[in-house]
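Each protein sequence line maps, in turn, to chains R and U.
Each residue of the first sequence is one higher than the last, beginning at 0 in numbering that gives the first Met the number 0.
Each residue of the second sequence is one higher than the last, beginning at 0 in numbering that gives the first Met the number 0.
Using N, Cα and C, we set each Cβ at its ideal position, and we do this for glycine too.
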Amino acid sequence: MVLSILLHWLVVVFLAPFFLGVISRVKAFFAGRKGPSVFQPYFDLARLFQKKCVYSRTATWVFHLGPVVVVSGVLVLSLMVPLGALKAPVVFSGDILLLAYLLALSRFFMIASAMDTGSSFEGMGASREAFFSCLSELALFMNFVTLALLTRSISLTKMIGADVPMLWNVLGPALILIVASLFIVLLAENCRIPVDDPETHLELTMIHEVMILDYSGVDFGYMLYGAAMKLFVLSSILVPIIVPVKTGLMALDMLFFLGGMLGIALVIGAVESCMARLRLNRVGNLLLIAFALAFFGFVVTLWRF
Amino acid sequence: MDKVYSLIWQVPFGEFALKLDFLGLVFLAAIAVLVVCAGIYGIGYMLPYKEKKPLGFHFFFYFILAIALVLIVLANNVILFLGAWEAMTLSVYFLILFHDEKPSTRKAGFLYLIAGHCGTFLLFLMFFLMAQTAGSMNFDVMSRASFPPALAGLIFLLALPGFGVKAGFLPVHIWLPHAHPAAPSQVSALLSGVAIKTGIYGICRILWILGVVPDWCGYVLLIIGVVSGVMGVLYALGQHELKRLLAYHSIENIGIIAIGLGLGLLGRSHNLPFIAALGFGGALLHVINHALFKGLLFLGAGTVIQRTHTGEMDQLGGLAKVMPLTSVLFLIGALSICGLPLFNGFISEFFIYFGLFQGLMGFPLNGVIACGLGILALALMGALALACFTKVFGTVFLGEPRSAHVPAKTASGTWREETSPWMLLPMIALAGLCSWIGLAPLTASRLAFSGGEYLMRLPAGSVDFAKVFVPLAFVISLAFVFIALALALILIRRFLLGPLPMPVGGTWACGYSKVGPRSQYTSASFVGPIMDAFKYVLLFRKHGGQVTGEFPGKTHVSTAVHDASEETVFSPFFTFLMGLSKKFDENRIRYTQIYLMYIFVFLIFLLVWKIR
């Protein structure tokens, strides 16, 4: 048990920055540039962990606790998510609730740390994050409701079909809607265009990027690592639905899983390159579109009753 | 397990009959803890008023309230129950009026009294209807009677507003946001933590007595819970006064409890006892949890208000440096009320969510839609509550002080002693209980589930809860893994940074030179996007803010969220009633002697009639 937990964490910790590198490589390709190496995020994180931190006079113990809670939260929730052939070490009925609320816990501390700096920039990001998380939670839970109806289970492993591949030709329409909705939620939760721009720190564009503006050194490294791992874990929830292949051979399953993850990274990179970030009052509309897609998936599922 | 105690009481139809059962035990636990904690806190809170105000009156009514609360949950007879109910209403009225020099407090108290008595009137009707059908005023005897479905439905419909006024269901909640800020903080804590729960207790007791209610009752209760919950938290988001915000949050949590009760009724009507037990048990556990964390939050707010002499969040800021212990305790309360893991709010919400999901998979179509609505409402409430409490915690305790209300350091450079130990110890106790239930929930959960089973009239231990206790065990172990990981990460950071203290500087302001505390986000600006998104649901009013003229001068803007029930329903209704009564008043006879003559004539008439 302990061994499988450690193996799970090892995979998440070592693979997460790689996908950030793939996304920036894809964006560079679209822009006609050569782009940084795929391993650049590793070098960045290594550099950050060797630096010291500077703290603001206004900050309190909440600011120190923020990065720790974010990384712990994402590591604990990764234990409930299957990674290809690697089964989730902790599986129980209702683990989707713990997943959603661990995300909420790290969000609480991120917003509180942002307010702790006493700067209006971080307050801006905090206020926007608080609002958009309401809508993305709605969309996420609508997806959970539909998946629970489809798979008759409230455990993440069974819901995303990690145990038994869901047959697309039987449940196709609902699954397409769920995948689209979950993809938009993925973009919103992980600070991607069209919701937020991960490259810049301008007040017009930032939600997540500005909440971490005052972090430096090891704390900033923790925050970046937490964000990378969150993107990895939330993408790996999407992969078993899109690539429902179960050969039984561990190596082949892991290959399919990594292929699916690279596919998602490619799509994210393509979306980031081909779209501009939405005006802020439209981001709410986008998240409501995600909710509407999931709601239609719910209606389609109910039709089969 | 029922312990029954009875005395002869010289009141017609009355019987001093007390009964302690599992349902009452759940509420009694919450009452006991909060009465003691708020009482001890009250000693410290009232110390500054020692020579200036009559404290004896206040503590007298506090004890009367405590006795009345205990009698309400133990009462086994209608007259005793209603007597204790009235005693509670009146003692809370006198407690609210501690600051009766302020007209707003007097208005708040009077509004509370009227609202309470409107509810009590409906309760009288309902109880006499039940006693008529059952032939007795004793709850035990009534529970053995059988009520025809139409009558049961009517009783339920009378119970909802009757108890709902006290509980704070949405349309009839208007007294809550006025009474809570007006009362002293320990009274607000008690009011919000337990006095409101007596309304829920009343509904539970009626459901127990009725036994079987029509199917639509579950849907009604669920809808009321959804509406109260979502609108409550939306109103809370729009407030900028600390205690008024917490009052609206009580309405939201009553909504969550109502969702749990509605789910329980749905489970019972579809003959799925596990789901019903989850619904009722989750709601009862939330009763205890809410008493604990809402009490903690109100006591923390009271500490803040006592130190800074204001409850306006936009005048505060940076209090975590002045009152570090209070900020930690308030944070624990805030994390609990948002339902975040490691604390008790998550446990009761987990049970209700689990029940809703089981209902989603087990009920026919109507139930599926109802459960889906319940799940979405709970998710939305959780996210909005998170937005609200990050706003509160961030605006009050973090950042820079926004006005001179925030105490500054003393001449020697240190902070004055934070607050009196009378006030700190109850808060520490409540925070400890929140963490205990969050990390070791089995005792409290078993208590709540046995209350739920009793409510469903099942013998104790008849429902198998392993299906939910096994996931709960996983949740708790993951919570401990989280704590261990957090400690490990702190140690790793300490190792990487080395032993020397890190450099300290000003917050990076992106090169702007004139950045001050006033440029921070305030409570109104923090929730601006949310208020804008919900503007068709909330009555959001903005006054001023326009700059006019070629050489614009200073201008003034104020925003407020007006309570829709109050403004569109009750205020016009009461204004209409006042207009009517003024009309009658114009024509009234102004001589007392004529009224005395009427009484005299009527007495003569009665005597003559009876003697014949």
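According to the DSSP assignment, U/T558 belongs to the beta strand (DSSP E) that extends over 556-561. Nearest neighbour of U/S142 by Cα position, chosen from U/V77, U/Q185, U/F345, turns out to be U/V77. Contact annotation for R/R56 against chain U: V503, G504, G505, T506 [CB-CB distance below 8 Å, chain order].
For the pair U/V405 and U/L397, the Cα-to-Cα distance works out to about 12 Å. Residue environment analysis places R/N142 among the buried positions, since at least 16 neighbouring C-beta atoms fall within 10 angstroms of its C-beta. For R/A187 and U/S191, the gap between their C-alpha atoms comes out near 36 Å. About 6 Å separates the CB atoms of U/T506 and R/G117; that is less than 8 Å, so the two are in contact. In the DSSP annotation of this structure, the continuous segment of the beta strand (DSSP E) that includes U/Y4 starts and ends at 2-6.
With distances taken between CA atoms, U/H561 lies nearest to U/G237 out of U/G237, U/G152, U/P498, U/E452. Per DSSP, the unbroken beta strand (DSSP E) holding U/R540 starts and ends at 538-543. With contacts defined as CB atoms closer than 8 Å, U/L46 and U/S419 qualify as a contacting pair.
Between U/L24 and the set U/A181, U/L605, U/R445, the nearest pair of CA atoms involves U/R445. By the neighbour-count criterion, in which a residue is buried when 16 or more other Cβ atoms sit within 10 angstroms of its Cβ, U/S103 is exposed. The contact set of U/Y520 on chain R, defined by CB atoms closer than 8 Å, consists of M114, S119, G122, M123, A125, S126 in chain order. Using a Cβ-Cβ cut-off of 8 Å, R/K51 is close to L496, G497, M501, P502 of chain U, given in chain order. Cβ-Cβ distances below 7 Å link U/G373 to L221, V225, I258, L262, L355 in the same chain, with the five nearest sequence neighbours on each side left out; the list follows chain order.
When Cβ pairs closer than 8 Å are counted between the two stretches, the region 537-557 of chain U is seen not to touch the region 209-223 of chain U, the count staying below three. Contact between the region 172-187 of chain R and the region 61-81 of chain R is absent: fewer than three C-beta pairs spanning the two stretches fall below 8 Å. R/D213 has a beta carbon lying within less than 8 Å of a beta carbon in chain U.
The Cβ atoms of U/G161 and U/M136 lie no closer than 8 Å to each other.
Distance between U/E251 and R/H7, taken at the CA atoms: about 39 Å. If you ignore the 5 residues before and after U/L454, its C-beta comes within less than 7 Å of the C-beta of L22, C203, L206, W207, F279, all in its own chain and listed in chain order.
Taking the Cα positions, R/T57 is about 9 Å away from U/K320.
For R/P66 against R/A227, the beta-carbon gap comes to about 13 Å, at or over 8 Å, which does not count as contact.
In the displayed model, R/S55 falls within a strand according to three-state DSSP. The shortest CA-to-CA distance from R/K157 to any of R/M79, R/G268, R/F120 is the one to R/M79. Residue R/F108 holds the alpha-carbon nearest to the alpha-carbon of R/A125 among R/F108, R/A138, R/F140. The beta carbon of U/S524 falls within 8 Å of a beta carbon belonging to chain R, placing the residue at that interface.
Residues are counted here when their Cβ sits less than 7 Å from a Cβ of chain U; for the region 131-155 of chain R these are S132, C133, E136, L137, F140, M141, V144, A147, L148, R151, I153, given in chain order. With respect to R/I22, R/A250 sits apart: the two C-beta atoms are not nearer than 8 Å. The straight-line gap separating the alpha-carbon atoms of R/E271 and R/G93 is approximately 34 Å. Judged by DSSP secondary structure, R/L44 falls within the alpha helix (DSSP H) whose first and last residues are 39-48. For U/A188 and R/V299, the gap between their C-alpha atoms comes out near 47 Å. At a cut-off of 8 Å between beta carbons, U/R492 contacts chain R.
Counting every other CB atom within 10 Å of its CB across the protein chains shown gives U/S557 a total below 16, marking it as exposed. Of all residues in the region 85-108 of chain R, only V89, F91, S92, G93, D94, L96, L97, A99, Y100, L101, A103, L104, R106, F107 come within less than 8 Å of chain U when Cβ atoms are compared, listed by chain position.
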